[in-house]
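Student:
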Amino acid sequence: MNLVLMGPPGAGKGTQGELLAKKLGIDTISTGVMLRTAIKERTEIGKLAEQYINDGKLVPDDVIVSIVKERLAKPDCEKGFILDGFPRTTAQAEALTESGVKIDKVLSLEVEDEVIVERLSSRRECSKCGAPYNVVSNKPETEGICDKCGGELIQRADDNPSTIRNRLNVYHTETEPIKKYYEKLGLLVTAKGEEELADTTRNVDKALGLEV
Ligand code: AMP
């Protein structure tokens, strides 16, 4: 399955992406994780992306499209993939379609803005592997430590109230219109993402027809 996960920041794309990746035996490709890794490694792309990310703005389309195309050309993507955080603009969605990569489904996780602001303040991320956690709803087994790789859990620099507002604005103005684009292509499914983790997971599985 070639899947796109959509939704506002903090909707649970990372968490649901990980669960789906395990279930389907495919990898999640998160442009946010790729960019944060590039920033940590001080690459040219990282240096360019840092200010955009810290301001809650989108990194330019041409930069993102080229890193995603490069990643999707890797052999492991032949068995399927989950795109988390891409496409985020109509231009990115069109570039993906034009690249000839077939998308089977686009899942939009639906969460209201008020829930997002609250949720993002308790969100944590592994500083080593990028795995997502939440100190209220998705705790690690040992406080502050990643279950998967033992890395230290940190709060993202862009998870602060003013950047969160910017990111939500950007989502509504630039990313949400893509839902119409994929609806027209007959690929869009939606799932409510406001409930407890297990309920959201059930909603996601149902929307994708993965129920047992
Ligand atoms: P995320 O981890 O998906 O919330 O992404 C964090 C930040 O990385 C976003 O707020 C953007 O600044 C940048 N970013 C991630 N994916 C994209 C994309 N597809 N297009 C533009 N900017 C992106």
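If you count by this note's numbering, then the sequence shown holds residues 5 to 216, one letter each, in order.
Quick reminder that beta carbons are idealized off the backbone N, C-alpha and C, glycines included.
#1: What number of angstroms, rounded off, separates the C-alpha of Thr-179 from the C-alpha of Leu-172?
#2: Going by alpha carbons, who is nearest to Leu-113 out of Glu-199, Ile-168, Glu-102 and Lys-26?
#3: Helix, strand or coil: which one does DSSP assign to Asn-6?
#4: What is the C-beta distance between Val-63 and Phe-90, in whole angstroms, given that I count them as a contact (C-beta under 8 Å)?
#5: If I follow the unbroken alpha helix (DSSP H) through Glu-98, where does it start and stop?
#6: Looking at the secondary structure, which residues open and close the beta strand (DSSP E) in which Ser-34 lies?
#7: Mind pulling the beta strand (DSSP E) runs of 3 or more residues that sit fully within the stretch 102 to 145?
#8: Is it the case that the stretch 191 to 198 contacts the stretch 154 to 162, given that we only count it when at least three CB pairs across the two stretches are under 8 Å?
#9: Is the stretch 84 to 101 touching the stretch 180 to 191 in the sense that three or more CB pairs, one from each, lie closer than 8 Å?
#10: Given Pro-181, which residues of its chain have a CB within under 8 Å of its CB, disregarding the five upstream and five downstream residues?
#11: Hey, could you find the ends of the alpha helix (DSSP H) Thr-167 is sitting in?
#12: At which residues does the alpha helix (DSSP H) containing Leu-214 begin and terminate?
#13: Where Pro-79 and Val-110 are concerned, what is the direct C-alpha to C-alpha distance, given to the nearest angstrom?
#14: According to DSSP, what are the bridge partners of Ala-195?
#15: Give the range of the beta strand (DSSP E) segment to which Ile-86 is assigned.
#16: Please specify which runs of the alpha helix (DSSP H), each continuous and at least 4 residues long, are wholly inside the stretch 19 to 74, giving them in chain order.
Tutor: Taking the geometry as given:
#1: For this step, residue 179 is matched to residue 175 along the sequence shown. For this step, residue 172 is matched to residue 168 along the sequence shown. Each residue's alpha carbon lies about 10 Å from the other.
#2: Along the sequence shown, read from residue 1 onward, the residue named residue 113 stands at position 109. Taking only the C-alpha atoms, the option nearest Leu-113 is Glu-199.
#3: To locate residue 6, count along the sequence shown from 1; it is residue 2. Here Asn-6 sits in strand by DSSP.
#4: Along the sequence shown, one-based indexing puts residue 63 at 59. Along the sequence shown, one-based indexing puts residue 90 at 86. The pair is not a contact, with the Cβ atoms about 10 Å apart (cut-off 8 Å).
#5: Taking the first residue of the sequence shown as position 1, residue 98 is located at position 94. It spans 94 to 102 - the alpha helix (DSSP H) in which Glu-98 sits, taken as one unbroken run.
#6: Along the sequence shown, one-based indexing puts residue 34 at 30. Run containing Ser-34: 31 to 34, per the beta strand (DSSP E) assignment.
#7: Considered as a whole, the stretch 102 to 145 harbours 109 to 114, 127 to 130 and 136 to 138 as its complete beta strand (DSSP E) runs of no fewer than 3 residues, in chain order.
#8: At 8 Å Cβ cutoff, the stretches do not touch.
#9: yes
#10: Position 177 of the sequence shown, counted from the first residue, corresponds to residue 181. Counting only Cβ-Cβ distances below 8 Å, and skipping sequence neighbours, we find Thr-94.
#11: Working through the sequence shown from its first residue, we reach residue 167 at position 163. Residues 165 to 174.
#12: What you label residue 214 is simply residue 210 of the sequence shown in a count that begins at 1. Where Leu-214 is concerned, there is no enclosing alpha helix (DSSP H), given that its DSSP letter is neither H nor E.
#13: For the purposes of this step, residue 79 is identified with residue 75 of the sequence shown, where counting begins at 1. For the purposes of this step, residue 110 is identified with residue 106 of the sequence shown, where counting begins at 1. So the alpha carbons of these two residues sit roughly 22 Å apart.
#14: Sequence index remark: in the sequence shown, residue 195 carries index 191 (1-based). Paired residues: Leu-113.
#15: Residue numbering aside, residue 86 sits at position 82 when the sequence shown is read from its first letter. Residues 85 to 88.
#16: 35 to 44 and 48 to 58, all fully within the stretch 19 to 74.
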